[in-house]
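Numbering (this note's numbering), first residue to last: 95 to 857. From the three backbone atoms N, C-alpha and C, an ideal C-beta is built for every residue, glycine too. In this text the structure is predicted, and so the values were computed from the model without any measurement. Remarks on the structure that follows.
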Amino acid sequence: MIEIKTLLKVLVESQSIALMLSPTTVLTPEEDTDNSSNATAKVSENVKETPLVVLEEITHAFPENNYNEQYQQPPFEHQLCDFTGNNTIMERNFKSKGDKMMSKKYVLDGYNQLYDAASDGDWEKASQFFQNDPQAIREVITEELETPLCIAVRKNHVVFIEEIVRLMPPEYGNLKAAEMMVIKNQKLTQIRNRDGRVPLAYALAYTTGAQKEIVEYLYSVTRDEDPSPFLGHDGASLLCDAIDHEFYDIASSLVHRFPGLVSTKSKWSKQYGLEILLGNPSTFLSGAKLTWWQNCMYSLIQVDIDAAHGNDSQLYDKNSLEIDEGTESDEENPSPSIMRADIEDAGNSLKSSRGIKENEDDLSDGSKVPLSTSKDSSIIKSISILFMPYLMRVPHFERLYKKKLLDKQALTMVQNMLEQLGKTMNREEIAEFFDSSTAIKMAIKHGFTEFIVATLEKFSYLICQEMGGLTMAQMAVQERNDTILNYLCETADIMGGKIRLYSKEDKSYNTLLHYAAKLAPLAKLNLVSGAALQMQRELQWFNGVESILLKNKRFRPNRNGDTAQSIFTEEHKDLVVKGEKWMKDTSGSCMLVAALIATVAFAAAFTIPGGNISDSNSSKNGTPVFLETTSFMVFAVADALALFSSITSVLMFLALYTSRYAEEEFHTSLPRKLVIGLGTLFISMATILVAFSASLSIVLEDRCVWAPIPMALFSCVPVLLFVLLQLPLFVEIVRSAYWGSLFSKHRYVQPRVDQYNGTKKNN
């Protein structure tokens, strides 16, 4: 009887579900290094420490009086061979050989040493063999199709079995061992360890992506029995762990079956499922940092959530039939096949209940953007599906495909969770839930516009609700998320609560402008290059928020008597100093380059290529020799442009260097001077290269007709380098200097009373 219990422990101890499939205590890594006798003694001691109720369940699964009759051959011999991964040996059954030692003539060539080690339980000898031939750990070494593990089991060498199971790769053994245990005793899935975790909970907590199959299998066979692992904080822990490991199909099924889990905190992390989901910055597309070409590829990808779920759910049909045979399913404890169907349907339950159209489930760049009309959508989908096999060969395309699949699953699950909240709670309870949760704040922090849109579509009254002491608008201003704030303004305008949204004050009488006056978070600040441009962005936020407020709110002090403007000055005084230093360093370096170009261009104007005509008797005396050629005209125009643009650049950078750098100058004055200076510097560099190429062409064109071609190519190199290195900064400065106004379309316009008829009109 003890050997069966010990074998149960050893089989399941190999991977992350080991602690849960076996009710006994697991050996620590330090105990694994002990000798064979000590390890065997510890295993037996652990079995003695097993709780009485667990021993009774295992005794029920393996009756003492039937042991000799039913298990004359070593237990689980056939299943353990499957456990090693040799699928071909499943076609044959082992014949019991009792305690007789197999004759050496049955051992395959080259495996005599390994066979002796497995028969004698000599793990040290076997480990040396495995070092030379690692694949032998799962190879058949006898004519009876036995593996080293099968031989060790037949000989009941517990320590040898334990060590060889630990050494096996993760893809072998987990699923087979779990299936064998559950088939022998279906109650094993309900047994809890000392932490109160059932096997499914332990597998979810410590699993990896490669072990998803066993998680799905355990989910399909774990029953909703008292005490149910799917209810209360235990069920919430299952939901949080499933979301944390991106098993969104299982999480959606849990939410669909047990709606109360959405509003229950995890036993271990003390968080809601929504908080776990929104804690990952790359959960949705709006939080992912994709390049422009990745965004293009992302938009072309077509994913089918139903097909993805369907493929995963077909893995365990055969095992489910074996487990369910002879049992009846009920509503509280559905069969594994029903549970898997529930996983497939969970993703579609929300769409069917709310009537969401298929072409409206994508959110990109902070707004809901339908893919196209139904006709165009079908054409795009057909083309994408047609070229999908070829696109999958493109590097990184498979990663983007998985990304989009997870994005759609996450969005569907969010909509499902919000739907369940609406069904199980009233308005006050929902407001209290979001007040106690950090979900909204985390969504705004990471820029998850998809979540904010889905939440306000379901619970529109939350737009002015305080959550954690702040409204959504105050959080958006604090986190410097203009996309979400624009969406909130548009939504409030439609609802007719625009003034209320802007005028909301917190308990300290801080207006929306007070939050804009505070220094932005460092992560948001570093998205802008250079301290001067960071200061400009902060001024744009302050002025933009100020423009949407009522005039009587713009200068209102808070409880401490501080106005928004005074807070802004105090918070940004260090950034002003850094911005001044950055601007002076940049302008000084660029001014030096512009001055060098101006010097060269000025000197080139008086040392023209080919020289001048020196014939005092000629009317053309002193004129350039190549004045009538096209190359000379190109040289003259390019040299003049280089001189004028470089001098202009010097003047602009000199103006920057001598500016007083007041706070308000960072908004428009300084950035525009920087734009003009950099632009003219680029023109001067390009034209001086053109002038040089034209001059060299004039000198060499009689001797080398092909000379202009390589000169033109080589002259493009520094221009391209300048474009690649400086163009991104230049474009960013231009955009912020001339198109940097925020919330202009939401600007508040003071109404006036018409002097003739007394009616109110807008300015």
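Asked	Found
Limits of the unbroken alpha helix (DSSP H) element including S641	A625 to I642
Alpha carbon of Y296 to alpha carbon of A831, nearest angstrom	55 Å
Exposure label - D203; buried when at least 16 CB within 10 Å	exposed
7 Å CB neighbourhood of Q388 in its chain, flanking five on each side removed	L494
Under the three-state DSSP convention, the category N706 falls into	strand
A133 versus E257 - alpha carbon distance	Summary for A133: the model assigns pLDDT 39, below 50, so the residue's position carries little reliability, and this model does not support an answer.
Of the listed residues C684, A336 and A211, nearest to L500 (C-alpha basis)	A336
4-residue-minimum alpha helix (DSSP H) runs that sit fully inside the stretch 545 to 622, ordered along the chain	566 to 572, 576 to 589, 592 to 597, 606 to 611 and 616 to 619
V769 - DSSP class collapsed to helix/strand/coil	helix
Endpoints, the alpha helix (DSSP H) within which Q305 is located	Run containing Q305: none; DSSP gives neither H nor E here.
Proximity below 8 Å, CB of I534 to CB of N575	no
Integer-rounded CB distance, given that M685 should sit under 8 Å from L748	6 Å
Local Cβ density within 10 Å of F837, reported as buried at 16 or more and exposed below that	buried
Contact set for A548: own chain, Cβ-Cβ below 8 Å, skip 5 residues either direction	L505, V508, Q509 and L512
V687 - partner residues in DSSP beta bridges	For V687, which the question treats as bridged, DSSP gives no partner whatsoever.
Sheet register partners of P718 (DSSP bridge)	N706
Expected contact under 8 Å - CB spacing of A785 and F729 to nearest Å	5 Å
Start and end residues, alpha helix (DSSP H) containing A831	P802 to Y832
Paired residues, beta bridge with R236 - DSSP	The displayed chain sequence assigns Thr, not Arg, to residue 236. The partner list for T236 (beta bridge, DSSP) reads V201.
Environment of Q630 [buried if 16+ CB atoms lie within 10 Å]	buried
Check whether E544 and K618 have beta carbons under 8 Å apart	no
Where R232 falls, given that 16 or more other Cβ within 10 Å makes a residue buried	buried
For I534, the first and last residue of its enclosing alpha helix (DSSP H)	A533 to H540
Alpha-carbon to alpha-carbon, M536 and A567	14 Å
Three or more C-beta pairs below 8 Å linking the stretch 759 to 770 and the stretch 702 to 718	no
Neighbourhood of D216 by C-beta, 8 Å cutoff - its chain only, sequence neighbours within 5 removed	D210 and F254
Alpha-carbon to alpha-carbon, P804 and L790	11 Å
Nearest-angstrom beta carbon gap, I578 and A570 [assumed within contact, 8 Å]	5 Å
Classification of C59 by the beta-carbon crowding that lies within 10 angstroms, buried from 16 upward	Any answer about residue 59 is impossible in this case: the structure gives the chain only from 95 up to 857.
N442 versus L775: straight-line alpha-carbon distance, rounded	Residue placement at N442 is flagged as unreliable, the pLDDT there being 44, under the threshold of 50; the coordinate-derived value follows with that caveat. Between N442 and L775, the C-alpha separation is close to 58 Å.
Under the three-state DSSP convention, the category P651 falls into	coil
Boundaries of the alpha helix (DSSP H) in which G326 is found, first to last residue	G326 to D338
Pair within 8 Å by beta-carbon distance, K672 and A625	yes
L644 versus Y555 - alpha carbon distance	22 Å
Per-residue burial, Y200 [other beta carbons within 10 Å of its own, 16 or more giving buried]	exposed
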